[in-house]
Amino acid sequence: MNVPAAWYLVLAAVLFGIGAFGLLTRRSALIMFMCVELMLNAVNLTFVTFSRTLSDISGQASVFFVMVVAAAEVTVGLGIVVAVFRRRASTSVDELNELKG
Amino acid sequence: MVAATYAVPAILVFVTSALLIVVGALGVISVKNPVHAAICLIMTLFGVAVAFVAQSADFLAAVQIIVYAGAIVVLFLFVIMFLGVDRNMHVSVEPLVGQRAFAGVGVVITIGGLITLMASSHWVTGATSVSGSALAPGNGNVKQLGTAVFTTYLFAFEATAALLIIAVVGAVLLARRERATTKEEARA
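Protein sequences, first through last, are from chains A and B.
Just so you know, the numbering used here puts 86 at position 86 of the first sequence, and the rest follows in order with no gaps.
Take any residue in the second sequence, note its place counting from 1, add 1000, and you have its number in the numbering used here.
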């Protein structure tokens, strides 16, 4: 018998909170991307937990698509970080205060 | 009391994954060096993979390791080392006064609200699936997931293919040097 779903849901909520705190407080664009990954993983964990509890494969299919979108997001996001770093020599988001390149 | 209701190995697996997840996540948001943050991120991703296996999502656990820990984190490490930003991080400096306190209060309210909401609504509500067979533990899941992705979610699956191509083209376009393009344009 597996542990109750509530344990996993609380764990996912805590992971989401930690990721959100990091996203709000860290200034490096790279670390902020990692915190977004933490939050996405927390949501994936709830999807899998609901999938197990409700005995429905749709939750796992959703996780599959979330992973694909996360991979695409990281690819484009890191491309933007590299492009910004070429201009500013910094990855701090506080220094990006104008749209002009 | 809990151990009498649930098997001890299941609890051990949960505690292991919870420790990996929480310690790794705290490491990501607190360490100074971005390379160490990426290593802590791998730790969290492994913990999530353990939780996936414990909940009989075998294929997703494998994808979690291969795609997240194997590809995404390596991409992070590549960019960190390519840019050489692994030294000039200031964790101790707080750019906005009271920002961390506000963020902490907001996050605690969010977590508390989420847990209260879930606890007051019996955690998981809704009917169990009636379409198709019940979720089979073990290898049966891979077959079920494949069937779902290639039948019910076929259109979304094709859309992700287009999304990945667009992302790759966009990343190449963003990250390439502009001097090379102007030279090529001048030649042409």
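Beta carbons: idealized from backbone N, C-alpha and C, even for Gly.
These figures come from a predicted structure and were not determined experimentally.
Checklist entry - Taking all protein chains shown into account, do 16 or more other C-beta atoms lie within 10 angstroms of the C-beta of A:Leu40, making it buried, or fewer, making it exposed? => result A:Leu40 is buried by the Cβ-count criterion.
Checklist entry - Which chain B residues are close to A:Leu96, counting only those with a beta carbon under 9 Å from its beta carbon? => result Residues of chain B passing the Cβ test: none, with the nearest at roughly 13 Å.
Checklist entry - Is it true that the stretch 31-48 of chain A meets the stretch 1056-1072 of chain B, where meeting means three or more beta-carbon pairs spaced less than 8 Å apart? => result They touch, by the three-pair rule.
Checklist entry - In the stretch 1005-1031 of chain B, which residues sit with their C-beta less than 7 Å from some C-beta in chain A, listed in chain order? => result When C-beta distances to chain A are compared with 7 Å, the residues of the stretch 1005-1031 of chain B below that value are Tyr1006, Ala1007, Ala1010, Ile1011, Phe1014, Ala1018, Ile1021, Val1022, Ala1025, Leu1026, Val1028, Ile1029, in chain order.
Checklist entry - Using DSSP with H/G/I as helix, E/B as strand and the rest coil, what is A:Ser92? => result Strand, per DSSP.
Checklist entry - Which partner residues of A:Ser28 appear in the DSSP bridge assignment? => result Note: A:Ser28 is bridge-paired with A:Ser92 in the DSSP secondary-structure output.
Checklist entry - Going along chain A in order, which residues have a C-beta closer than 7 Å to the C-beta of B:Ile980? => result Outside the shown range of chain B (1001 to 1188) lies residue 980 of chain B, about which nothing can therefore be said.
Item to check | Under 7 Å by beta carbon: chain C residues contacting B:Gly1170 | outcome: In the structure shown, chain C cannot be found, because the protein chains are A and B.
Checklist entry - Whose C-alpha, out of A:Asn44, A:Glu98, A:Ala61, A:Leu38, is nearest the C-alpha of B:Val1073? => result Closest by C-alpha distance to B:Val1073, out of A:Asn44, A:Glu98, A:Ala61, A:Leu38, is A:Leu38.
Next on the checklist: Taking contact to mean 3 or more Cβ pairs, one atom from each stretch, closer than 8 Å, check whether the stretch 81-96 of chain A and the stretch 1006-1025 of chain B are in contact.
Outcome noted: Result no; under three Cβ-Cβ pairs closer than 8 Å.
Item to check | Whether A:Met67 touches B:Leu1041 by CB criterion (8 Å) | outcome: The answer is no: Cβ separation not under 8 Å.
Item to check | Distance CB(A:Gly79)-CB(B:Gly1170) smaller than 8 Å | outcome: Note that the C-beta distance between A:Gly79 and B:Gly1170 is below 8 Å.
Checklist entry - Using the beta-carbon count (16 or more within 10 Å), is A:Pro2 buried or exposed? => result For clarity, residue 2 of chain A is Asn in the given sequence; the question names Pro instead. The residue is buried, with at least 16 neighbouring Cβ atoms inside 10 Å.
Item to check | Inter-residue Cα distance where the pair is B:Ala1119 and B:Ala1159 | outcome: Near 36 Å, if we compare the C-alpha coordinates of B:Ala1159 and B:Ala1119.
Item to check | Nearest-angstrom beta carbon gap, B:Val1048 and A:Gly17 [assumed within contact, 8 Å] | outcome: So it is not a contact: roughly 15 Å between Cβ atoms.
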